[in-house]
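Structure first, then comments.
In the numbering used here, the protein residues as written are 8 to 239.
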């Protein structure tokens, strides 16, 4: 019997493209505010607003949109027009309705693994938005369970494996974020595989010392996962 029995996948930037959509929208947001001010102040203020608002809005497009509106009002000292605020709202709607771009080799790989392992999705963010993305991706048919949480930390992973009667040493998490997908999973005695994505939100970055001594695997592409799992 194989040691690993349950494979969980992160969703955004592991199964499909996500962060580049935020990056593109933020660029358009900065262009919108150019008549009022220029420079990196917009990026800094927006990031600070996002982090400050996480406890109220959580992760996802809706919180990002509200943080953009708050930042625009603050930076323009209330001079931003209703038309410009409407444009920010429209940008948020465009993000929510953006077509799902499944990453290369994802569907082929999970289809191959489906017959050998129990597959899960563990993602964080807005429930409605994440359910919609899973449905529109066409990948939902391959997964036995989907868990959408407000935060990915040790306790949330413990809750998931206990609820689903999973043994930690038989569980492996696949994701692009060291902070959310790798570190907390390793700390509860489970396994993790890091598949880096070319762009990462600043909030998900970790310092080098935080991953020193942490036992996890890293792959350049998800297509290499079946071969790695055979080594367990």
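C-beta atoms are modelled at their ideal positions from N, C-alpha and C, and glycine is treated no differently.
Simplified DSSP assignment, three categories, for residue 123: Note: residue 123 maps to coil in three-state DSSP.
Beta-bridge pairing of residue 154 - partner residues as DSSP gives them: Beta-bridge analysis with DSSP links residue 154 to 129.
Beta-carbon proximity check, residue 19 vs residue 26, cutoff 9 Å: Yes; because the gap between Cβ atoms is below 9 Å, this pair is in contact.
Cβ-based neighbour list, residue 78, same chain, cut-off 6 Å, excluding 5 preceding and 5 following: Its chain contains 52, 53, 56 as the residues whose beta carbon lies nearer than 6 Å to that of residue 78, once the 5 sequence neighbours on both sides are disregarded; these appear in chain order.
Buried/exposed call for residue 178, threshold 16 Cβ in 10 Å: By the neighbour-count criterion, in which a residue is buried when 16 or more other Cβ atoms sit within 10 angstroms of its Cβ, residue 178 is buried.
Same chain, Cβ closer than 8 Å to residue 176, five either side skipped, listed in chain order: Correct list, in chain order: 10, 196, 197, 198.
Alpha carbon of residue 230 to alpha carbon of residue 182, nearest angstrom: In this structure, the alpha-carbon of residue 230 lies about 13 Å from that of residue 182.
Between the CA atoms of residue 166 and residue 33 - distance to the nearest angstrom: Straight-line Cα distance between these residues: approximately 34 Å.
When 148, 48, 143, 124 are compared against residue 180, the one with the closest alpha-carbon: Residue 180 has its Cα closest to that of 124, out of 148, 48, 143, 124.
As assigned by DSSP and simplified to three states, the class of residue 19: Strand at residue 19.
As assigned by DSSP and simplified to three states, the class of residue 109: In the displayed model, residue 109 falls within a strand according to three-state DSSP.
Residue 161 - partner residues in DSSP beta bridges: Beta-bridge pairing links residue 161 to no other residue.
Supposed contact pair residue 203 and residue 161 - C-beta distance, whole angstroms, cut 8 Å: At roughly 22 Å, the Cβ-Cβ gap does not stay under 8 Å, so residue 161 and residue 203 are not in contact.
Expected contact under 8 Å - CB spacing of residue 65 and residue 133 to nearest Å: Right, the Cβ-Cβ distance comes to about 7 Å (below 8 Å), so this counts as a contact.
At least three beta-carbon pairs within less than 8 Å, the segment 149-158 to the segment 41-48: Not touching, per the Cβ criterion.
Where the beta strand (DSSP E) through residue 200 begins and ends: Looking at the DSSP string, the run of the beta strand (DSSP E) that includes residue 200 is 198-201.
Buried versus exposed, by CB contacts within 10 Å (16 or more), residue 86: Burial is judged here by how many other beta carbons sit within 10 angstroms of a residue's own beta carbon; residue 86 has fewer than 16 and is exposed.
C-beta contact flag for residue 213 and residue 193 at 9 Å: Contact: no.
Span of the alpha helix (DSSP H), counted from its first residue to its last, around residue 49: Per DSSP, residue 49 belongs to the alpha helix (DSSP H) from 48-64.
Under the three-state DSSP convention, the category residue 229 falls into: Residue 229: helix per DSSP, three-state reduction.
Alpha-carbon spacing of residue 13 relative to residue 38, whole angstroms: Within the model, the alpha-carbon separation for residue 13 versus residue 38 is close to 45 Å.
Check whether residue 151 and residue 127 have beta carbons under 9 Å apart: Yes.
Residues that residue 224 bridges to, as DSSP identifies them: The partner list for residue 224 (beta bridge, DSSP) reads 200.
Backbone secondary structure at residue 24 - three-state DSSP: Three-state DSSP puts residue 24 in coil, outside helix and strand.
Alpha-carbon to alpha-carbon, residue 42 and residue 114: If I take the Cα positions, the gap works out to 44 Å.
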